[in-house]
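K.L.:
Residue numbering for the sequence shown follows the working numbering, beginning at 1 and increasing consecutively. Built from N, CA and C at the ideal position, the CB exists for glycine as well.
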Amino acid sequence: MNKKIKVGIVGANGYAGAEVLRLIAQHPLTELSVVTSRAQLGKKVSSAFPALPCDLDFSDASDPLLKKCDVVFTALPQTAGASLIGELIDAGVRVIDLSADYRFTDIATYERTYGVTHPRPDLNKLAVYGLCEVNRQKIKSAQLVANPGCYVTSVLLPMIAACKATKISGIIADSKSGVSGAGRKADEAYSYCTLDENFKAYGVFTHRHAPEISEKLGQSILFTPHLLPIKRGILSTVYFEADDPAAAQNALKTAYKDEPFVSYTDTLPEIAHVAHTNRCMFSARFDGNRGIVISVIDNLLKGAAGQAVQNMNIMFGFDETSGLPIYAPI
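1) Buried or exposed: which applies to residue 197, given that a residue is buried once 16 or more other Cβ atoms fall within 10 Å of its Cβ?
2) Starting from residue 145, trace the beta strand (DSSP E) both ways and give me its first and last residue.
3) Assuming residue 36 and residue 63 form a contact by the criterion Cβ under 8 angstroms, report the distance between their Cβ atoms to the nearest whole angstrom.
4) Does DSSP put residue 193 in a helix, in a strand, or in coil?
5) Measuring straight from C-alpha to C-alpha, what distance separates residue 299 and residue 181?
6) Using 8 angstroms as the cut-off, can you tell me whether the region 315-326 makes contact with the region 164-178, which would need three or more C-beta pairs spanning the two stretches below that distance?
7) For residue 67, does the three-state DSSP call read helix, strand or coil?
8) What does the alpha-carbon distance come out to for the pair residue 106 and residue 291?
9) Label residue 254 either buried or exposed according to how many other C-beta atoms from any shown protein chain fall within 10 Å of its C-beta, with 16 as the threshold for buried.
10) I need the straight-line Cα distance from residue 34 to residue 277, nearest angstrom please.
11) CB residue 160 to CB residue 217, shorter than 8 angstroms?
12) At what residues does the alpha helix (DSSP H) containing residue 15 begin and finish?
13) What residues are listed by DSSP as bridge partners for residue 74?
14) Hey, residue 79 and residue 116 are a contact pair by Cβ (cut 8 angstroms); roughly how many whole angstroms apart?
15) Pick out whichever of 5, 67, 229 and 86 has its Cα sitting closest to the Cα of residue 189.
16) With a Cβ-Cβ cutoff of 8 angstroms, do residue 109 and residue 211 count as a contact?
17) How should residue 200 be labelled, buried or exposed, when 16 other C-beta atoms within 10 angstroms of its C-beta is the threshold for buried?
18) Excluding sequence positions up to five away, which residues of its chain have a Cβ less than 6 angstroms from the Cβ of residue 70?
19) Assign residue 188 to one of three DSSP states: helix, strand, or coil.
20) Closer than 7 angstroms by C-beta to residue 15: which residues in its own chain qualify, once you throw out the five before and the five after it? Chain order, please.
21) What residues are listed by DSSP as bridge partners for residue 168?
22) Below 8 angstroms on the Cβ atoms is my contact criterion, and I expect residue 281 with residue 296 to pass it. Report the Cβ-Cβ distance as a whole number of Å.
23) Which whole-angstrom value describes the C-beta separation of residue 225 and residue 114, a residue pair presumed to lie in contact below a C-beta threshold of 8 angstroms?
24) Within its chain, find whatever has a CB closer than 7 angstroms to the CB of residue 76; leave out the 5 residues flanking it on each side and keep chain order.
25) Out of 44, 173, 313 and 136, which has the shortest C-alpha to C-alpha gap to residue 56?
26) Roughly how many angstroms lie between the CA atoms of residue 274 and residue 261, to the nearest whole one?
27) Checking 8 angstroms against the spacing of the C-beta atoms, do residue 146 and residue 112 come in under that value?
The structure is reproduced here in structure tokens:
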């Protein structure tokens, strides 16, 4: 039987950090040791999240107990956790970072995309891109894992498989997300009255996930995100041309046949099929050389916290499905 590991969570008040907290609190092989939040500092975790029977108090990110953890999840805005991540790694702690700081192989692309100077370029070479089904072997021994973006995960999982099988060109990704993807904040643009009975595009030609997708696929794409008036979930419609559509279709159907969380379906998948789970489901249709993939995930789970915990399971040799929901509520 696996020994329980000590886990810390930095930035547990945001949606992604709170989802990590919820998953770790019920994980059979973890012991929650430290939970930090500036907004909730000094309060009981159970007072902020009454559904979680957790006796810990929220502490500050300077809490020395973080350096005694086996793994720490950092869920902070870009650049905000860089100094802490360096200190944790120096202390021998393994880190799973949910920000974009270490997602890019090319530091210049990261700096251009986020309009910042990379806070710790020396750590970038240690980072493993945490797309679990693609980089599993590297993740096993990683000291620092960069958790992928949510839109990115929905597009990359099917398209990496297709691109390995044949030449794919002209990729256009049209993605729609629930409002939790915008983060936990007070903003009129994300208020109930603004979003209810509404649907809109945003970040046209400027969304930060486009360069991340392009770097990982090795080619430029057109990417447009949209905001749905729902809490959670992403549906991505990806258009492309394939030199060998039969090879692409076969790869899409078979690439993940043994994976617990990623699957091809002959019917067109819906957000409801994966909401509240760590799954990605996708399907494809072809008309000559033209292909369309429909891919769905839960943006807070497979697109963020769930994938982060899946990464942890891989890193520590646990059953990859431990503590993670597979089936959507009926």
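P.N.:
This is what the structure holds:
1) exposed
2) 144-146
3) 6 angstroms
4) helix
5) 7 angstroms
6) no
7) helix
8) 30 angstroms
9) exposed
10) 25 angstroms
11) yes
12) 15-25
13) 10 and 97
14) 5 angstroms
15) 229
16) yes
17) exposed
18) 5 and 6
19) helix
20) 180, 183, 184 and 300
21) 242
22) 5 angstroms
23) Not a contact, Cβ separation roughly 16 angstroms.
24) 10, 11 and 99
25) 44
26) 10 angstroms
27) no
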